[in-house]
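First residue of the sequence shown: 2, per our numbering; consecutive thereafter.
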Amino acid sequence: MILLTVTEFRNNISKYLQLAFKEKVALKSKGGIIELTPSTEIRLNPSPSNDPYFDNSLNLDHIEKGRIDAVEGRTKPWNEIKDKLGL
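Encoded structure:
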């Protein structure tokens, strides 16, 4: 892992961004340490309360699959679900 000051990072941004794809790069600042994490997509937490459950991409994938199933009619009607749950 490479630990840099924010000033050092700022002076060589391109170099360290490219390096972050090969090894861990972290920035040390007054507020703490920030680790650079490469990704091919951006996923923001959709929760208004910033619930950490939604930070897990597997949870979001599961929700999205359920949404697509519902739109395409591959889910059971709500009344059938309520009856099985005894609601």
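Every residue gets a Cβ at the ideal spot worked out from N, C-alpha and C, and that includes glycine.
What you are looking at is a predicted structure, and each value in this text was computed from that prediction instead of being measured.
Euclidean distance between Cα positions of F22 and L37
Taking the Cα positions, F22 is about 9 Å away from L37.
What's the C-alpha gap between T76 and K85?
CA-CA distance, T76 to K85, rounds to 14 Å.
Within a Cβ cutoff of 6 Å, which residues of the same chain sit near N46, ignoring the five residues on either side of it in sequence?
Around N46, the same chain offers F55, D56 as residues with beta carbons nearer than 6 Å, after the five sequence neighbours per side are excluded.
What are the partner residues of I35, as DSSP defines its beta bridges?
According to DSSP, which records beta bridges pairwise, I35 is partnered with L28.
Whole angstroms are fine: how far does the CA of W79 sit from the CA of T41?
In a straight line, the C-alpha of T41 is about 37 Å away from that of W79.
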